[in-house]
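Structure, as structure tokens:
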Amino acid sequence: MVLFLFACTAQRTIEQGTEMVVPPYITQGVAQSPALLAGMSQELASIYAQTHPGIVAIRALSPGSASLGSGIVIDSAGHIVTNAHVLAAQQEEVEVFFASGYKARGKLVGIDPISDLAVVNVSVPQSELHPLIWGDSDQVSVGQVVVALGNPYGFQGVMTLGIVSGLGRTLQSLNLESDERLQSIAEVIQTDAALSPGSSGGALLNLEGEVIGVIAQVLTSGLGRGQVGVGFAITANLAKRIVPFLIEEGTFTYPYLGISSLGEITLVEQEILGLPQATGIYITKVHPGGPAEKAGLCAGEQITNLPGVRAGGDLIIAVDGHALVNFNDLMLYLIKNKRPGDTIYLTVLRGAEQLEISLILGEKPE
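Its first residue numbered 3, the sequence shown is counted upward by one per residue in our numbering.
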């Protein structure tokens with residue numbers, strides 16, 4: 003579990019009581035223009051003033067242990083989004099600390115360990131609730147300047163600055179594993195903004211002050227060696243899909259195909275399996291009685307020198323007309339657009355034949 007982060011070499015700037023950790027490449031770029039630096043500082047201070055009241059600290063307690071994280075106020079009903087790993091199901095008490103100093107007990111109303119999202123509800127005066135606005139994470143681009151807000155190491159209201167380093171990433175969930183690889187968070191943003199333990203559940207913001215991601219994990223170079231500038235946030239659009247179900251139903255039910263597959267097809271695997279292309283989802287197993295078996299999808303049966311992988315299986319190359327590069331593309335499409343019971347249409351290569359197969363999605367087994 004890569005949640006630990008240590009010393010940071012970025013330059014630190016203090017603005018209106020906020021510690022802003024600014025990467026050197028940003029300060030170097032504006033060093034020749036004091037007016038530009040002053041303008042940037044004013045803009046960041048304005049974003050902070052606008053958004054930090056909507057960030058809370060969360061302390062989850064259970065016998066013999068406690069976890070500390072951050073949360074995002076999302077509505078005037080007192081719902082707060084955070085990470086599932088901050089609010090594990092066994093936690094018996096949740097305390098929420100607001101930027102004003104106000105403290106309240108929170109109730110866990112929904113949790114999804116797969117996406118690492120959870121929702122807490124608090125009953126507090128309306129004056130304490132400052133909901134932040136969800137942005138459109140599909141409009142985020144690599145190189146875009148972003149701001150992170152959270153409570154690292156228990157220091158409340160910390161703001162850091164960086165850029166979007168990568169998009170379309172998947173991230174191993176801290177909780178589950180399954181044949182359909184739902185242990186991977188389907189869509190995350192990579193950033194070099196400085197993040198630390200306690201930042202989890204905080205907000206990644208664009209310069210309009212909109213939430214484009216929920217901070218999830220931080221990669222380090224090893225115990226005692228510090229951060230490597232690689233942090234991850236669950237995209238706002240994925241959170242916007244899942245959170246309403248957590249509020250209404252307490253959980254999110256994932257669509258289920260009933261297959262196992264190669265996550266990515268290497269060129270070596272393509273050659274050994276005799277596949278016409280190295281993109282798509284190669285089926286290695288069809289689960290008995292599942293939706294895929296009922297739809298007539300096939301796994302390979304011909305023995306190869308690839309451990310556990312046989313040749314001759316179906317290769318799914320598109321769903322509902324959308325081309326697929328890998329398994330994550332398929333699962334992300336289903337999570338964002340479909341529910342159990344919906345029908346999807348798969349374009350499948352079976353040897354030299356291209357087939358169109360309809361499949362009724364099932365409900366992911368417990």
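Built from N, CA and C at the ideal position, the CB exists for glycine as well.
Is DSSP giving residue i helix, strand or coil here?
{"i": "L248", "result": "helix"}
{"i": "H289", "result": "coil"}
{"i": "L178", "result": "With a pLDDT of 43 at L178, under the threshold of 50, the predicted position of this residue should be treated as unreliable, and no value is reported."}
{"i": "S129", "result": "helix"}
{"i": "A294", "result": "helix"}
{"i": "R341", "result": "coil"}
{"i": "S201", "result": "coil"}
{"i": "H81", "result": "strand"}
{"i": "L348", "result": "strand"}
{"i": "F157", "result": "coil"}
{"i": "N123", "result": "strand"}
{"i": "T255", "result": "coil"}
{"i": "A196", "result": "coil"}
{"i": "I360", "result": "This sequence places Ser at residue 360; Ile is not what is there. Strand."}
{"i": "A354", "result": "coil"}
{"i": "S139", "result": "helix"}
{"i": "F329", "result": "helix"}
{"i": "G56", "result": "helix"}
{"i": "I49", "result": "helix"}
{"i": "S43", "result": "helix"}
{"i": "A188", "result": "strand"}
{"i": "A101", "result": "coil"}
{"i": "K366", "result": "coil"}
{"i": "L206", "result": "strand"}
{"i": "L308", "result": "coil"}
{"i": "A313", "result": "strand"}
{"i": "A218", "result": "strand"}
{"i": "L134", "result": "coil"}
{"i": "A86", "result": "coil"}
I need the boundaries of the beta strand (DSSP E) containing residue i, first residue and last residue.
{"i": "I318", "result": "317-321"}
{"i": "D114", "result": "105-114"}
{"i": "G385", "result": "No information on residue 385 is available, as it lies outside the stretch 3 to 368 that the chain covers here."}
{"i": "E94", "result": "Unbroken run through E94: none, as it is neither H nor E."}
{"i": "G406", "result": "Lying before the first or after the last residue shown, residue 406 is absent from the chain, which here runs from 3 to 368."}
{"i": "A301", "result": "From DSSP, A301 is part of no beta strand (DSSP E); its letter is neither H nor E."}
{"i": "G152", "result": "147-152"}
{"i": "S262", "result": "261-263"}
Is the distance from the Cβ of residue i to the Cβ of residue j below 8 Å?
{"i": "A320", "j": "I359", "result": "no"}
{"i": "I82", "j": "G108", "result": "yes"}
{"i": "L348", "j": "L361", "result": "yes"}
{"i": "V381", "j": "V98", "result": "Because the chain here runs from 3 to 368, residue 381 falls outside it and cannot be looked at."}
{"i": "A205", "j": "I49", "result": "no"}
{"i": "K340", "j": "L326", "result": "no"}
{"i": "L317", "j": "L259", "result": "no"}
{"i": "L85", "j": "G203", "result": "In the sequence as displayed, the identity of residue 85 is Asn instead of Leu. Contact flag set, yes."}
{"i": "I236", "j": "L119", "result": "yes"}
{"i": "T286", "j": "L264", "result": "yes"}
{"i": "V220", "j": "Q192", "result": "no"}
{"i": "V147", "j": "L209", "result": "yes"}
{"i": "V111", "j": "L248", "result": "yes"}
{"i": "E94", "j": "T255", "result": "no"}
{"i": "L332", "j": "I283", "result": "yes"}
{"i": "A195", "j": "V216", "result": "no"}
Could you check the C-alpha separation between residue i and residue j for me, to the nearest Å?
{"i": "N239", "j": "I214", "result": "8 Å"}
{"i": "I113", "j": "P133", "result": "20 Å"}
{"i": "G156", "j": "G200", "result": "6 Å"}
{"i": "I274", "j": "I261", "result": "21 Å"}
{"i": "S72", "j": "R61", "result": "8 Å"}
{"i": "G137", "j": "A218", "result": "17 Å"}
{"i": "Q52", "j": "P257", "result": "38 Å"}
{"i": "D322", "j": "V144", "result": "28 Å"}
{"i": "G211", "j": "I135", "result": "8 Å"}
{"i": "S117", "j": "I187", "result": "5 Å"}
{"i": "G353", "j": "S167", "result": "39 Å"}
{"i": "E45", "j": "V149", "result": "11 Å"}
{"i": "V311", "j": "G152", "result": "44 Å"}
{"i": "Q304", "j": "V270", "result": "17 Å"}
{"i": "K105", "j": "G80", "result": "13 Å"}
{"i": "A313", "j": "K338", "result": "31 Å"}
{"i": "E355", "j": "S78", "result": "55 Å"}
{"i": "L357", "j": "H324", "result": "15 Å"}
{"i": "P367", "j": "A47", "result": "47 Å"}
{"i": "Q272", "j": "P309", "result": "14 Å"}
{"i": "L89", "j": "Q128", "result": "24 Å"}
{"i": "E130", "j": "I267", "result": "50 Å"}
Hey, quick one: how far does the alpha helix (DSSP H) through residue i stretch, first residue to last?
{"i": "I274", "result": "269-275"}
Hey, would you say the C-beta of residue i is under 7 Å away from at least one heavy atom of the ligand FAD?
{"i": "I319", "result": "The ligand content of the structure shown is nil, which means the ligand FAD is not present either."}
task = Take every Cβ of the region 152-167, pair it with every Cβ of the region 289-309, and state whether three or more of those distances are shorter than 8 Å.
result = Contact between the region 152-167 and the region 289-309 is absent, because fewer than three Cβ pairs lie under 8 Å.
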